[in-house]
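Numbering (the working numbering), first residue to last: 3 to 936. Heads up: the structure comes next, in structure tokens.
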Amino acid sequence: MAKHTLFAFGSSAIALTAAALAAPAFAQTAASPAPEASTNTTADDTPMVVTGYRGSLNASASIKRVAPTIVEALSSEDIGKLPDVSIADSLARLPGVTSQRLEGRDQRLSIRGLGPDFGTTLLNGREQVTVGDNRGVEYDQYPAEFFKNVVVYKAPTPSLVAAGIAGTVDLRMLRPLAQKDRIIALQLRGQLNEQQKLNPDGTRYGYRATATYVDKFANDTFGIAIGVSATSAPTQIERYNAWGFPNEGSAGGNLFLGGAKPYVQSNKLQRYGAVATLEYQPSDNFHSTLDVLYSKFKETQLLRGIEFPIAPAWGSGATVQPGYTVNGGLVTSATVTGVHAVQRNDRNFRDADNFSVGWNNQIKLNDKLNLTVDAAYSLAKRTDDLLETYTGTGYAVSGPSDTLRISANPNGTFNIVPTLDYTDRNIFGITDPRGWGYNGTRAVVQAGFLNRPKFKDDLISLRADLEGKIDDAGVLSGWQIGGNYSRRKKVSAFTSFFLCPKGAGSNCSVDSGTPQFAPIPDQAVIGTVPLAYLGVPQMLALDPIYLVNNSLASVFDNRPVSLVRDNTVTEKVWTAYGMIKLDGDVAGKKLTGSIGVQAVYTDQSSRGSISRFDSATGDVLVVPATGGDKFWRILPSANFALEVANSTYVKLAASLSMVRPRLDQERVNQELNFNFQNIGSSDPTRPFFQSTGGNAQLRPYRSANVDLSVEHYFPKGGYVSLAGYYKRLTDFVNPQRNLPFDFAAVAASLPAAIRNQLATTVGVVSQPLNDGRGSLKGAELTVSVPFSLLTPSLDGFGFYGSGSYTDSTIRLGDNSNPITLPGLSDWVANASIYYEKHGIQARASYRYRSKFLAEVAGLSANPTYRTAKAEGILDAQIGYDFQPGTTLEGLSVLFQARNLTDRPFITYQNDDVRQVIDYQRYGREYYVSVSYKF
């Protein structure tokens with residue numbers, strides 16, 4: 003940030019301090035844990051214990067209320083029972099928070115319009131690694147039953163190390179010494195997907211089983227909490243993907259469906275997890291806590307479908323017949339002949355492990371001084387097997403062709419009705435139907451492909467904090483200083499293989515005699531699969547594992563583009579902070595908060611490779627490369643919470659914050675390419691030399707933030723809150739910035755015959771760069787109202803809901819046109835109506851988000867962005883807790899229904915909802931749970 007901006011911020015903080023005389027700090031390590039149950043007061047002042055969902059809302063409101071900064075919180079209804087199916091489901095109902103569905107599950111969070119790359123996730127206050135490709139946590143890796151509270155910090159504080167720009171999610175485990183009695187809790191949940199299994203080897207039934215044990219020993223000085231969980235969750239997905247919509251000359255130049263891939267997908271997620279917390283407090287002077295979490299995550303995805311190249315303009319070789327129909331410049335129905343499709347039987351498998359351990363020790367040195375030492379280690383490992391197998395009528399469009407009738411559906415997909423029988427093994431065999439296979443130098447018979455990426459992400463951290471009290475100093479109640487060291491290292495390794503029919507030849511190459519067509523063995527056939535939802539009656543269902551083990555040969559993919567992907571990114575970060583805590587009265591009003599600063603020093607580095615030309619052999623070689631950078635960031639912050647009236651708070655926060663770029667953007671790798679069509683060109687838009695890769699010197703995003711919240715809490719539960727925020731973003735990462743670069747050193751190694759044709763040695767390097775800037779602003783309204791506030795006759799009924807609006811303007815480089823922020827929905831809203839009394843609980847919840855830029859898997863599973871349509875999702879549940887004094891006391895039953903609106907996930911392009919690219923329908927899901935608490 004420019005010096006004058008930093009000075010202005012500092013002056014503002016001083017002015018606020020002088021005006022308010024100081025403010026009480028957030029006990030910045032975390033807000034106090036919520037109680038087991040919330041206590042309200044009835045009209046006759048008799049304490050009334052509120053449990054279940056109402057207790058969860060009250061406990062969450064208590065965390066929000068006492069926090070001297072702006073937070074949102076959710077609390078479990080009981081041991082091992084968050085209010086929704088998953089953590090992400092629950093978090094997506096918080097004000098200003100929403101999620102993106104992947105594979106039918108809520109996984110990626112956006113906070114205040116900023117996607118998962120702009121936030122961080124903590125476990126008991128400690129930064130966590132992820133099994134995902136980058137920093138954004140996929141919440142499937144955490145079993146929801148293991149957490150007592152989740153707090154979302156929307157404003158940073160000096161002691162909140164590794165805070166994000168969007169927000170910071172802190173997952174908090176149960177503390178055994180805080181429990182009154184021994185607890186043994188068991189839960190079993192069955193799951194059913196509405197759709198029949200779409201693949202013969204899929205399933206629509208699943209389960210989740212959990213067990214929790216909590217107890218105290220040695221006169222309540224030693225506590226233990228243990229939890230175990232096992233999950234098997236199915237998903238059935240009807241999928242459609244369009245290649246795009248070129249202008250088709252043979253169809254009058256109108257937009258025309260370029261190609262499409264209708265698929266059916268059956269997923270099965272298996273997760274096994276365990277947690278343990280050991281807590282020891284022999285006296286008021288010493289408190290030690292050890293947390294351990296392990297999660298094993300396996301997912302199998304079975305995908306079967308047909309890839310139809312259609313538009314002649316994109317090289318399909320097909321012919322558009324006369325008589326097509328056009329609506330608004332888009333061909334909505336047509337007959338296409340000469341189509342050679344690719345029938346696919348794919349299998350994706352993910353194996354991931356997540357391990358985290360943290361040890362916290364609090365030592366009371368004297369009445370005014372406390373020392374805290376915390377050590378943590380987090381490890382995530384993931385291996386994917388992304389297997390594709392192809393069948394067709396002949397190699398390189400040599401077999402019988404198909405005639406298709408395509409017609410647009412109201413939802414933006416296209417019906418594709420074929421003439422060929424895609425179950426006929428007399429026509430279809432193992433081959434490379436389009437002749438797409440190419441290893442960089444020669445054509446190969448690519449009858450399949452295997453990608454096998456591996457990721458290892460680990461982080462160690464050591465933290466020490468010294469906290470002191472200040473007596474008789476007005477609102478200045480204390481101080482805190484601390485330091486944190488962390489080392490994060492992410493290793494990404496990629497291996498891929500061409501698959502071809504077994505037999506003669508070598509390296510799968512065509513010129514070596516590799517078989518170009520092979521019959522489908524009987525043992526590989528497991529049935530047929532209908533794609534009738536898009537017009538294809540049936541296709542062959544093959545076992546891809548059998549094919550790869552018995553019918554296909556594999557050849558290592560050694561193309562330069564494949565070999566320069568491996569990389570390691572390491573970040574060593576030293577953070578020092580200091581702050582003054584504020585807690586006292588100003589003009590008779592209660593004031594809390596903090597003023598302080600973080601100083602962050604980063605040493606980041608990357609090891610990888612760069613491809614270059616070898617003049618001796620004429621080959622492109624891969625050579626090792628290293629890079630990195632070292633830099634400081636100074637991050638001041640001020641937080642104030644003033645109780646302006648009884649139970650009415652005004653909270654103000656001002657800060658500078660940062661968040662680090664994606665890890666794949668920090669890699670040093672560069673892939674060099676030569677475009678021989680441009681060899682004699684001196685036009686900078688048509689370079690001969692081109693290099694694409696990462697940037698090991700990339701800096702974090704930075705943001706100057708102002709947050710304001712007005713909150714009123716009702717005496718018998720519930721609250722209303724109105725918040726506004728503004729973020730000025732700088733050093734915004736442009737993911738692909740083209741820069742001129744002189745490749746003279748590379749040109750010198752080229753053969754003379756090539757050098758003599760060069761018009762210039764200046765080419766283009768494409769890499770991420772911190773040349774973006776902009777702003778983001780918005781407002782949030784939250785209402786939580788038990789209807790007993792209106793009339794006692796409605797006791798048990800209530801409403802919880804929120805709505806938020808966010809607007810952003812982000813520009814990259816010298817481009818005057820603003821971009822759309824990934825994950826940003828202008829409007830986000832959610833509403834829940836509930837009833838809970840006499841053991842009965844019922845709730846209906848609806849959440850809505852307007853259109854947004856979604857991250858989806860593109861070619862070769864690489865992430866890409868597309869506009870997703872607005873979506874509204876309705877969930878509901880009803881259950882009964884058997885009451886104290888009854889024979890079945892401690893038993894609970896619960897029925898849940900998810901996605902009752904059956905809302906599909908849809909993306910489109912060119913701001914035209916007719917140009918649908920992705921369509922995924924997940925169907926409704928139903929759950930029945932039985933739990934027992936001893």
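Yeah, the Cβ is synthetic: ideal placement off N, Cα and C, and Gly gets one too. Here the structure is a predicted model, which means the values were calculated and not measured.
Please classify T909: is it buried, with 16 or more other beta-carbons within 10 angstroms of its beta-carbon, or exposed?
buried
Looking at the strands, I want to know which residues DSSP matches up with G887.
G887 pairs with nothing; no bridge assigned.
Can you check which of these residues, P324, N552, D585, is closest to W481 by C-alpha distance?
D585
Span of the alpha helix (DSSP H) around V68:
54 to 68
To the nearest angstrom, how far is the alpha carbon of G580 from that of Q600?
7 Å
Helix, strand or coil for A32 per DSSP?
Any answer about A32 is weak, because its pLDDT of 38 lies below 50 and its placement is not dependable; what the coordinates show is given next. Coil.
Cβ-Cβ separation, G431 to A520 (assumed contact under 8 Å), whole Å
6 Å
L565 - containing alpha helix (DSSP H), residue span:
562 to 565
Look at the Cβ atom of T299, then the Cβ atom of Q143, and state whether they are nearer than 8 Å.
First, the residue type needs correcting, since residue 299 is Phe and not Thr in the sequence shown. In this structure, Q143 lies closer than 8 Å to F299 by Cβ.
Flag this pair as touching only if the stretch 459 to 472 and the stretch 406 to 425 have three or more C-beta atom pairs under 8 Å; answer yes or no.
No contact exists between the stretch 459 to 472 and the stretch 406 to 425.
Kindly list the residues whose CB is nearer than 7 Å to the CB of G470, restricted to its own chain and excluding five residues on each side of it in sequence; keep chain order.
K370, L371, G480, W481
Could you name the residues of the same chain whose beta carbon sits closer than 6 Å to that of S693, not counting the 5 residues immediately before and after it, in chain order?
Q672, L674, V767
I'd like the span of the beta strand (DSSP E) that includes P284, first residue to last.
261 to 285
In terms of residue numbering, what span does the alpha helix (DSSP H) encompassing L93 cover?
89 to 93
Could you check where the alpha helix (DSSP H) with R552 kicks off and where it finishes?
Checking the sequence shown, residue 552 turns out to be Asn, not Arg. It spans 546 to 552 - the alpha helix (DSSP H) in which N552 sits, taken as one unbroken run.
Tell me the rounded alpha-carbon separation between Y379 and D119.
22 Å
Going by alpha carbons, who is nearest to I875 out of Y155, T237, G106?
When only C-alpha atoms are compared, the closest one is G106.
Does R926 come out as helix, strand or coil in the three-state DSSP assignment?
coil
Tell me where the alpha helix (DSSP H) around L761 begins and ends.
Correcting the residue type first, residue 761 is Ala in the shown sequence and not Leu. Premise fails: A761 is in no alpha helix (DSSP H) and is neither H nor E.
Take N249 as the anchor and find which of F258, Y242, N243 has the nearest alpha-carbon.
F258
Kindly indicate which three-state DSSP category D473 falls into: helix, strand or coil?
coil
Around the C-beta of H342, are 16 or more other C-beta atoms found within 10 angstroms, so that it is buried, or is it exposed?
Buried: at least 16 other Cβ atoms inside 10 Å.
Proximity to A851 [Cα-Cα], best of S806, S818, T811
Rather than Ala, the amino acid found at residue 851 in this sequence is Arg. That would be S806, whose Cα lies nearest to the Cα of R851.
Quick one: grab the DSSP three-state call for S252.
Helix at S252.
Can you tell which of D222, L179, R174, P236 has the C-alpha that lies nearest to the C-alpha of E196?
P236
In the DSSP assignment, the beta strand (DSSP E) including A157 goes from what residue to what residue?
Run containing A157: none; DSSP gives neither H nor E here.
Quick one: grab the DSSP three-state call for P314.
helix
Can you tell me the Cβ-Cβ gap for R349 and P546, rounded? I've got them flagged as a contact below 8 Å.
5 Å
Express the C-alpha separation of T762 and T869 in angstroms, rounding to a whole number.
In a straight line, the C-alpha of T869 is about 39 Å away from that of T762.
Taking 8 Å as the threshold (C-beta atoms), are G127 and L179 in contact?
no
At which residues does the alpha helix (DSSP H) containing A589 begin and terminate?
Counting along the chain, A589 falls outside any alpha helix (DSSP H), and DSSP gives it neither H nor E.
In whole angstroms, give me the CA-to-CA distance for V338 and V512.
30 Å
Report, in whole angstroms, the separation of the C-beta atoms of G598 and P160, which I expect to be a contact under 8 Å.
3 Å
Any idea which residues DSSP pairs H289 with across the strands?
Q364
Please work out which residues of its chain come closer than 7 Å, Cβ to Cβ, to R701, disregarding the five sequence neighbours upstream and downstream, and give them in chain order.
F633, D733, N772
Simplified DSSP state of D733, which is helix, strand or coil:
strand
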